[in-house]
Structures are given as C-alpha cells and as structure tokens.
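Okay, so here's the structure we're looking at.
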Amino acid sequence: GAGVSQSPSNKVTEKGKDVELRCDPISGHTALYWYRQSLGQGLEFLIYFQGNSAPDKSGLPSDRFSAERTGGSVSTLTIQRTQQEDSAVYLCASGHGGGGGTDTQYFGPGTRLTVL
Amino acid sequence: GQNIDQPTEMTATEGAIVQINCTYQTSGFNGLFWYQQHAGEAPTFLSYNVLDGLEEKGRFSSFLSRSKGYSYLLLKELQMKDSASYLCAVIGTGFQKLVFGTGTRLLVSP
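Residue numbers (the working numbering), protein chains in the order written: chain A, 1255 to 1370; chain B, 367 to 476.
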C-alpha cells in the first residue's frame, strides 16, 4: 500500500478486556513508532521499533501495555485489562530509520479506542 | 523536562497570511517537525528544520531559531482546506522520539 495502515479504525471495549491494535507500515520502512493522542493533549510517544527490536519503550504507560513486531513489518500493540483512561487514538508511524540521522515519520490514520 | 508550547486556536481569513508559533525546551535538539492534521485523519508531514533559518515550500514556510528555542510555520494565501490542526514536534536526545505540542487548531473563514 501507499501509506501506513491501521486496524481496526474504531474499537469499543469494556473495562477489563484485552485489545489488540494492528499497524502495517510503509513497505521497506525499518522504523516503526506508536503514539497515543488523548483528547485535548498532544501526541504521546509509546514505543519505537527498529526492525523487530524495541530500543526505546520508555513511553509505555504501564505493564498492561506491550507491543511486538514480526518480520520487520507488522506491529501489534496490546493493552491488557483496559481502563477508561486508556481511551484515546492510537497512532502508528513508520520511517526509513537507522543511519544515525533524524527520520521523518509518516503516520497512519489511527485506531480510536473507547473503553466503557 | 521537555516542553513544547503553541497557541491552542487561531482564526484567519481566506487569502490571508497566518503565522503559528512554537517554543520548545527539550533535552538536546535534533530537529523540529511541523505536521498538519485534519480532524479524524493522520498527521501529514509538512516540514523539517534542523538548522537556523527559513525553509520555504510552496505556500508553507517554516522558520527555526535554535538559540531562542523558537519556530514558526507561515501559511500564505490561505485556503478553506487549510483549516486543520498544526502540530509542532521536536526530536531531542535520542533520534527517534518525537515530542509533540498540543497542536494549534486553525480555522479559515471565507
């Protein structure tokens, strides 16, 4: 595809349930990022992948949050035992990565998560 | 700590010029990005500045002063479709993590 895709576009879940959010980066991009956008707040960094490794996971808010990336492509963000404060838009971005230089990040449309 | 400040909301008239300011305080600096985000859509890349000065790209220009921790995005010949949020983001220490401001919502009226 031409851009970053994410699924589902919307997810409504009940408090305490687990959810999985998926990101398909731009083909050939080795770097992948997850951010969270809460109402009235700026985008908040969650985790960064270079290939299948996550050298920076400092933004994950709690141990209920985890992410993985397989085959250097698709990534899933898992939230266990969801809480109402987890309600937000979860955005994925990808970039060429590496090289020690600054990487332009290209964003997907996001998954809007609502925890009831 | 890291802090990115931008105005919450601005209004302007079609055909006019508008300047959206961004000030930042970050641990280290490896570049500043501007993104445009229409409601319910993905942020789209507008510009990247790492050196002081003005970068011009069509109707949009971005300026950076590293000594002042300051940037602005200049939009000329405003069109209705420019109504969107404009996000300022900085890469500080560590090349990968973007630190975002809360965004400036621009409303362009006829």
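Using N, Cα and C, we set each Cβ at its ideal position, and we do this for glycine too.
* Thinking D1357 of chain A and Q462 of chain B are a contact (beta carbons under 8 angstroms), I'd like their distance in whole angstroms, please. => Your numbering for residue 1357 of chain A matches position 103 in the first sequence. Your numbering for residue 462 of chain B matches position 96 in the second sequence. Rounded, the Cβ-Cβ distance is 7 angstroms, consistent with contact.
* Should T1358 of chain A be flagged as near chain B, meaning a C-beta pair shorter than 8 angstroms? -> What you label residue 1358 of chain A is simply residue 104 of the first sequence in a count that begins at 1. So, interface residue.
* Asked: Closest Cβ-Cβ distance between Y1344 of chain A and chain E: below 8 angstroms?
  -> This model lacks chain E altogether, as its protein chains are A and B.
* Could you give the residue range of the beta strand (DSSP E) that holds E1274 of chain A? -> Sequence index remark: in the first sequence, residue 1274 of chain A carries index 20 (1-based). Taken as a continuous stretch (DSSP letters only), the beta strand (DSSP E) holding E1274 of chain A covers 1273-1278.
* Counting along the chain, where does the beta strand (DSSP E) carrying Q1291 of chain A start and finish? -> The count along the first sequence starts at 1 and reaches residue 1291 of chain A at position 37. Where Q1291 of chain A is concerned, the enclosing beta strand (DSSP E) starts and stops at 1285-1291.
* Positions along the segment 367-379 of chain B whose CB lies within less than 8 angstroms of some CB in chain A -> Cβ contacts with chain A: I370.
* Cβ-heavy atom distance, R432 of chain B to the ligand HEM, below 7 angstroms -> In the structure on display, the ligand HEM does not appear, and there are no ligands present to speak of.
* At 8 angstroms on the CB atoms, spell out the chain A contacts of T468 of chain B, in chain order. => For the purposes of this step, residue 468 of chain B is taken as residue 102 along the second sequence, with counting starting at 1. Those within 8 angstroms of T468 of chain B in chain A are G1294, Q1295, G1296.
* Asked: Would you call P1262 of chain A buried or exposed, if buried means 16 or more other Cβ atoms sit within 10 Å of its Cβ?
  -> Here residue 1262 of chain A corresponds to residue number 8 of the first sequence, with the count starting at 1. By the neighbour-count rule (16 or more Cβ atoms within 10 Å), P1262 of chain A is not buried but exposed.
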